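Chains as they are written, first to last, in my numbering: chain D, 1 to 457; chain A, 458 to 914.
Note that beta-carbon positions come from the ideal geometry of N, C-alpha and C, so glycine has one too.
In this text, all values refer to a predicted model and were calculated from it rather than measured experimentally.
Data block below; observations after.
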């Protein structure tokens, strides 16, 4: 039976008449797919469905819904009926949900959870103290941690017990911790299955454990997992004590999120919280208007520069014709450089201290490409049009070479400077660089024109 | 002992005098870290080191080196000495390497491999037939596939045997296949450990297996793994027969690679094969020049439009002053739209068939923001400057509103059109959209100016 059909227009009837068979049928589907369909149901049906599902399955689905939808469902269920599902959620997802709930409801839920499972409640409060975009903010505290003297057979027993009791979400590794909880070793589940059951963990563990600190940025965590091809990375506090684990599936989400954020910033948009169609019209307007207005404000300077040179334009025939070409060329070369540098910074390929190497390279590239483009510009300005003159052609050529170089230089140094100042380099967006180069490009163009036309050939 | 020290300046002496102790010391470090250091050694030392390492460890390191470096090392080792390491490589990495090697060397290696391990050689040739950017191109054929009647205890035995013999790289799931190899079920390693050992796989397996087709695009594979939070996704052929598996660590690499490629395309650069500093100067020049020259060619049209309207500009006072402002505003709003749409397409949030919804939205946004910016432009054109006039102010306002809307519309529809035509929408880069809007923007500006100034107020 198709899933969409199961949850189709007859859903209310089925829920009323034979809830058990519906639940049984749903069990064969991946929670992600059920969540997707439940997202499209109206809220009354969605809540009715959540009520009949087993608590752990309902929690599995709830974890996969959009934050707004999660909040809606819990509000409709009420604190009391939410608790069984809330308690079954994975700790990291529970924390995220608590942060999205209205304060009154979240407090009510946490208090109820305290009565039922004080440990989980405390864990949730504790996890909530970490910044959402750090290792602590995305980790789950559920790990298998055993002492170094544990026998291998005993460790396997423990893994089975914890899995069966649902104490740990996913198990890829068993961590070995010393007396005070310091992380001292690691074994993959596969290592464990392969090891001689009578040995102790300290004999078979790997001592050199890749780890991240609890306040490490989530992008760094993602890069670490990617670099070492891990399924999960342990999170430790400043004393090396194991506090949790970040799994690769959370990291994949982080990477998609960060790539989208970066792309949007680079396109001059305040990053959207949700997808294109899920973002409201009003929010859309302001997230785009804010940058457009700022850039527009900056661009007003071009009008001032132009006004200052109205006489020059009136006197020097043909000069005005090449203005759009010249400023756009600078903008394009700046866009390339800033994109390359922002991405290289994101990948950890360079740091702001590499600025001299970058500058040398970008100067060379700007000059080389500038000369080529300048050559084409020369031909256009000398051969075509009524105002064609050698002075004009020389002015255009020199200006194109200059703005291309200006573009590559500004476009590469600005992201490095912004990172150096501790901000996200992606805010030096393509439109931002282009606007900046426009203003400087005009100034350069007029300066070159005045110099060249004052000479005689 | 620090790793950098181990492989430091005394490396040659140590290699000559006590290779065993070096090998033993290295074993405690993650192969990724050893690979990183080996990358910086000169080729003679690197090859000498590879010779003393155990074959499987050397293969582990080789897999993590840059393609150029891999090829260099195999060339120096020679076909004969390369074979033991080559044979130990993971099948997917081996295929990638074969594709990078000079044809003569790769054929020699494959022939030698044939003598030693005919199965591996055939597997390598077979895998090489898939497009590098599809599921088939990134999968490994090493999977644990068992029949539905297999007992759970027997399955665990099999996993242990295959792991121990190094037949499978990583095991997260056991796949259940029918008589002809069709994929019919799946169990995670954890499910297997938890299950009653006397049951058969068909009693405990999950039947609804998330899978991808062998010719699916790697981005789709990555999205599937991310969506369902999997550690690996099985790859099937057109008859549903299991052919291999793509693991999440490969997908993480794919995602980083694709995000970088997209960002570079969007910035108007032909995607680089390697990092910023590893890319040669000549390659850099042409990968950037090609787009800059094309865009420059298009931008030459602006000069033509300007020439056609030299009279207009001479007659209508102050018109020229606002040209940079107007075209830049169109470019900026276009950059925003194209970025948002390209990213939404990459995330699968929309398809080209959504174009009407997109158009309505972008028209609305363009008009709304355009009116705001137009208002500011009105004030600037009416109140400041020698040529201030009501006609000019009206022209500027209408033009700004028009080009903003033009920008959002073109910037959103063009990526959709490009995708619809079967190309990558990311080539409709920010500079590309900006250049297009520049030309149209000028035409619009002059048209509006002529109309407005011909009226009397």
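Under 7 Å Cβ to Cβ from residue 652 of chain A, same chain only, skipping five residues before and after it: list those, please. These residues qualify, in order along the chain: 609 and 661.
Under 7 Å from the C-beta of residue 453 of chain D: neighbouring residues of chain A: Within chain A, no residue has its beta carbon less than 7 Å from that of residue 453 of chain D; the closest one is some 18 Å off.
Please report the straight-line C-alpha distance between residue 402 of chain D and residue 236 of chain D, rounded to a whole angstrom. So the alpha carbons of these two residues sit roughly 51 Å apart.
Among residues of its own chain, excluding the 5 on either side of residue 242 of chain D, which ones have a beta-carbon nearer than 7 Å to its beta-carbon? Sequence-distant Cβ neighbours of residue 242 of chain D in its own chain, meaning closer than 7 Å and more than five residues away, are 143, 145, 175, 177, 181, 183, 234 and 236.
Distance check for residue 667 of chain A and residue 26 of chain D, CA to CA, integer angstroms please. Using only the alpha carbons, I get a separation of about 15 Å.
If you reduce the DSSP assignment to three classes, tell me which class residue 645 of chain A lands in. In the structure shown, residue 645 of chain A sits in a strand (DSSP, three-state: E or B).
Taking buried to mean at least 16 other C-beta atoms within 10 Å of its own C-beta, is residue 748 of chain A buried or exposed? Residue 748 of chain A should be labelled buried.
Examine chain D for any beta-carbon lying closer than 8 Å to the beta-carbon of residue 642 of chain A, and answer yes or no. No, because no Cβ of chain D sits closer than 8 Å to the Cβ of residue 642 of chain A.
Endpoints, alpha helix (DSSP H) assigned at residue 173 of chain D: From DSSP, residue 173 of chain D is part of no alpha helix (DSSP H) but of the beta strand (DSSP E) over 173–177.
Where residue 876 of chain A meets chain D, residues with beta-carbon distance less than 8 Å: Neighbours of residue 876 of chain A across chain D, judged by C-beta separation under 8 Å, do not exist; the nearest C-beta is about 14 Å away.
Tell me residue 244 of chain D's beta-bridge partners as DSSP assigns them. In DSSP, residue 244 of chain D forms a bridge with D:235.
Interface residues of the segment 520–552 of chain A facing chain D [CB-CB below 7 Å]: For the segment 520–552 of chain A, the beta-carbon criterion of a distance under 7 Å to any beta-carbon of chain D is satisfied by none of its residues.
Supposed close pair residue 369 of chain D, residue 720 of chain A - CB separation, criterion 8 Å: Contact check for residue 369 of chain D and residue 720 of chain A: beta-carbon distance about 20 Å, past the 8 Å limit, so the pair fails to qualify.
For residue 705 of chain A and chain D, any beta-carbon pair shorter than 8 Å? By this cut-off, residue 705 of chain A is an interface position.
Can you give the beta carbon distance from residue 373 of chain D to residue 400 of chain D, rounded, assuming they're within the 8 Å contact cut? Confirmed, Cβ separation roughly 5 Å.
List the endpoints of the continuous alpha helix (DSSP H) containing residue 65 of chain D. If you look at residue 65 of chain D, you'll find it isn't in any alpha helix (DSSP H); DSSP assigns it neither H nor E.
Selection from A:566, A:734, A:743 and A:521 that minimises the alpha carbon distance to residue 727 of chain A: It is A:743 whose Cα lies nearest to the Cα of residue 727 of chain A.
Does the separation of the CB atoms of residue 140 of chain D and residue 91 of chain D fall below 8 Å? Their beta carbons are under 8 Å apart, which means residue 140 of chain D touches residue 91 of chain D by this criterion.
Determine the DSSP secondary structure at residue 41 of chain D, reduced to helix, strand or coil. Correct three-state label for residue 41 of chain D: coil.
Cβ neighbours of residue 331 of chain D in the same chain (closer than 6 Å, five flanking residues each side left out): The residues are 434 and 437.
Within 8 Å, do at least three Cβ pairs link the segment 798–817 of chain A to the segment 758–771 of chain A? No, they do not touch.
Residue 116 of chain D classed as buried or exposed, judged by whether at least 16 other C-beta atoms fall within 10 angstroms: Exposed is the call here.
Paired residues, beta bridge with residue 422 of chain A - DSSP: Only positions 458 to 914 of chain A appear in this structure, which leaves residue 422 of chain A out of reach.
Taking 8 Å as the CB-CB limit, is residue 790 of chain A close to chain D? For residue 790 of chain A, the nearest CB of chain D lies under 8 Å from its own CB, placing it at the interface with that chain.
Entirely within the segment 98–126 of chain D and at least 4 residues each: give me those alpha helix (DSSP H) ranges in chain order. Listed in chain order, they are 103–116.
Local conformation of residue 217 of chain D per DSSP, three classes: Strand.
Give a yes or no on whether the minimum CB-CB distance between residue 597 of chain A and chain D is below 8 Å. Cβ-Cβ to chain D under 8 Å: no for residue 597 of chain A.
For residue 592 of chain A, decide whether its Cβ has a neighbour in chain D, counting only Cβ atoms nearer than 8 Å. Residue 592 of chain A does not count as touching chain D.
Excluding five sequence neighbours on each side, which residues of the same chain lie with their C-beta closer than 6 Å to the C-beta of residue 885 of chain A? Correct list, in chain order: 795, 871, 872 and 875.
Would a C-beta distance cut-off of 8 Å place residue 15 of chain D and residue 38 of chain D closer than the cut-off? Judged by their CB atoms, residue 15 of chain D and residue 38 of chain D are not nearer to each other than the 8 Å cut-off.
Hey, residue 775 of chain A and residue 844 of chain A are a contact pair by Cβ (cut 8 Å); roughly how many whole angstroms apart? About 3 Å separates the beta carbon of residue 775 of chain A from that of residue 844 of chain A, a gap short enough to meet the 8 Å contact definition.
Taking C-alpha atoms, which residue in D:63, D:65, D:93 and D:109 lies nearest to residue 459 of chain D? Here chain D has residues from 1 to 457 only, and residue 459 of chain D is not among them.
Strictly below 9 Å CB to CB, what residues from chain D border residue 764 of chain A? Going along chain D in sequence order, the residues near residue 764 of chain A (Cβ under 9 Å) are 318, 321, 384, 385, 386 and 387.
Give me the Cα-Cα distance between residue 777 of chain A and residue 442 of chain D, rounded to the nearest whole angstrom. Rounded to whole angstroms, the separation of the alpha carbons of residue 442 of chain D and residue 777 of chain A is 13 Å.
Within 10 angstroms of the Cβ of residue 458 of chain A, are there 16 or more other Cβ atoms? Answer buried if so, exposed if not. Bear in mind that a pLDDT of 49 at residue 458 of chain A, under 50, signals an unreliable position, so the model cannot answer this.
At a CB-CB cut-off below 9 Å, which residues of chain D make contact with residue 833 of chain A? Neighbours of residue 833 of chain A on chain D, chain order: 293, 296, 297 and 300.
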